[in-house]
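Notes to accompany the following structure.
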Amino acid sequence: MRTLIIIPAYNEEGSIAQVIGDIREHAPEVDIVVVNDGSKDRTEAIARDAGAEVITMPFNVGIGGGMQTGYLYAYQNGYDAAVQMDADGQHRAADLPKLLAAIPYSDLVIGSRYVEQTAYRSSATRRVGILFFSKLVSFVTRQRFTDTTSGFRAANRKVIALYANYYPSDYPEVESIVYLKRRGCRLAEVPVEMRSREAGRSSITPLKSVYYMLKVTLSVLMSASRVRVRGVKTSG
Amino acid sequence: MSIYVISIVFSVLFLVAVLELVRRQRLKEQYSLLWILFGVLLLGVSFNVHFLERIAEWLDVKYAPALLFLFGLLFCFAFILHLTLVISKLTGQVLRLTQELAIMKGRHREGEGGIR
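Line by line, the protein sequences give chains L and A.
With this note's numbering, letter number 150 in the first sequence gets 560, and the count goes up by one each step, no holes.
With this note's numbering, letter number 83 in the second sequence gets 85, and the count goes up by one each step, no holes.
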């Protein structure tokens, strides 16, 4: 199985080399592509030196656009599986085999912090948000999800093609689950450990969180209200 | 039919139209939020006539429904400003894409042995 690890990165010169080294150590057979989303620091050079393929965007396109670039690259280069990982070291490469092992049984495998009790801790507001979206997505998809905001995911060829075709442009994690469910994909969660983010590194400020909640809720409801695509349901 | 009834009917139709456009992926969620906010506010104001009349009295406006128009006009200004911000960003991005593509084309030609 040809596997590609997609790492979207924006100003991550401090952690990107370690993330790539971590993957090389635990999964030497996979290819790595870093989607450098218009970073203003040395992310591109450092990632290249660490041995990853680097795609540099001409300007910052946001997390969704960057991630989709990775899926498009995976699709065009004929990869069988793609795993998305954060560039900040939050996700552990040691969990990669666990995610990939579940791929034959699912189209998308999500690494969840909450399937089992893990050591991961975060702020109260963040936990409320995570819980709200898990309940909302579980309700509209009629499948239990515990960690819909997790950005640690493995996709098979079918999902790579779907994401190359459509991927939400900002705050994509939650909606991208509903999108797949509406297209008849099989989704599963596997428990993973995540490192807590280093202090003050969250991209979501309190001001943005209201917009985040509104935008994602609207996207989820809209995505859920879209009719199933003909043909996919029967073939899946 | 009073302006209030027309207002209510219009805002409901408007909200439905916006949501339908988002559902059909003709309008992106991030650009629909302002329209939805506008629709909901318009609906709220249309329903609560007393509220509108109180504000009209407070602002010394003789004809209360005129406030609806004022409100709509101000929102239009805000939305046009928002649109020009978006266009400015897009202009910059298109320029950068054109530059990158032109440079890439040049490099490509060099790689082919200087064929023009």
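Glycine is no exception: its CB is placed at the ideal position from the N, C-alpha and C atoms.
Per DSSP, the continuous beta strand (DSSP E) segment holding R563 of chain L begins and ends at R563 to N566. Per DSSP, reduced to three states, the secondary structure at S425 of chain L is coil, with no helix or strand assignment.
Under the DSSP assignment, A512 of chain L falls in the alpha helix (DSSP H) whose first and last residues are L506 to A512.
Nearest in C-alpha terms to R567 of chain L, of all of L:I520, L:S516, L:R458 and L:L628, is L:S516. By the neighbour-count criterion, in which 16 or more other beta carbons inside 10 Å mark a residue as buried, F469 of chain L falls on the exposed side. In the three-state DSSP reduction, P582 of chain L falls in the coil class, being neither helix nor strand. Taking the CA atoms as reference points, A634 of chain L sits about 27 angstroms from L44 of chain A. Pairing S544 of chain L with T556 of chain L gives a Cβ-Cβ distance under 7 angstroms. Taking C-beta atoms under 8 angstroms as the contact rule, V440 of chain L and V547 of chain L fail to qualify, at a distance of about 28 angstroms. For L61 of chain A, the secondary structure class from DSSP, reduced to helix, strand or coil, is coil. For Q27 of chain A, the secondary structure class from DSSP, reduced to helix, strand or coil, is coil. Boundaries of the alpha helix (DSSP H) around S544 of chain L: A534 to T551. Separation of the CB atoms of I570 of chain L and Y485 of chain L is rounded to 5 angstroms, and the pair is thereby assigned contact status at 8 angstroms.
The alpha-carbon separation between I57 of chain A and A66 of chain A amounts to approximately 8 angstroms. One thing to note: Q500 of chain L has its Cβ within 7 angstroms of the Cβ of R605 of chain L. Buried is the label assigned to V471 of chain L, since at least 16 other Cβ atoms lie within 10 Å of its Cβ.
A484 of chain L: not part of any beta strand (DSSP E); member of the alpha helix (DSSP H) spanning G472 to Q486, first to last residue.
Of all residues in the region 618-634 of chain L, only L624, K625, L628, S629 and M632 place a beta-carbon less than 7 angstroms from a beta-carbon of chain A. A direct Cα-to-Cα measurement between V47 of chain A and L54 of chain A gives close to 6 angstroms. Among the CB atoms of chain L, none fall inside 7 angstroms of the CB of V88 of chain A. Nearest to P438 of chain L by C-alpha distance, out of L:D447, L:A455, L:P507 and L:I426, is L:P507. Distance from the Cα of H84 of chain A is smallest, within the candidate group A:S9, A:L36, A:H52 and A:V51, for A:L36.
Around the beta carbon of G461 of chain L, fewer than 16 other beta carbons sit within 10 angstroms, so the residue counts as exposed.
The region 582-592 of chain L makes no contact with the region 486-499 of chain L; the number of CB pairs closer than 8 angstroms stays below 3.
The beta carbon of I473 of chain L sits closer than 7 angstroms to the beta carbons of P418, D580 and P582 from its chain, once the five residues preceding and following it are set aside; these are given in chain order.
Contact check for T615 of chain L and V493 of chain L: beta-carbon distance about 28 angstroms, past the 8 angstroms limit, so the pair fails to qualify.
Nearest to G521 of chain L by alpha-carbon distance, out of L:P514, L:L509 and L:S532, is L:L509. Residues of the region 565-584 of chain L whose Cβ lies closer than 9 angstroms to any Cβ of chain A, in chain order: Y576, P578, S579 and D580. For E463 of chain L, the three-state secondary structure derived from DSSP is strand. With a beta-carbon spacing of about 7 angstroms, V429 of chain L and M495 of chain L fall inside the 8 angstroms limit used to define contacts. As the crow flies, the alpha-carbon of Y524 of chain L is around 7 angstroms from that of P601 of chain L.
For Q95 of chain A, there is no enclosing beta strand (DSSP E); the residue is found in the alpha helix (DSSP H) stretching over A68 to G113.
Rounded to whole angstroms, the gap between the alpha carbons of Y481 of chain L and T558 of chain L is 19 angstroms. Residues of the same chain with a CB within less than 7 angstroms of the CB of T453 of chain L, apart from the 5 flanking positions on each side, are A419, N421, E422, E423, I426 and N446 in chain order.
Judged by their CB atoms, V550 of chain L and V584 of chain L are not nearer to each other than the 7 angstroms cut-off. Residue contact check for P468 of chain L against chain A: a CB pair falls below 7 angstroms.
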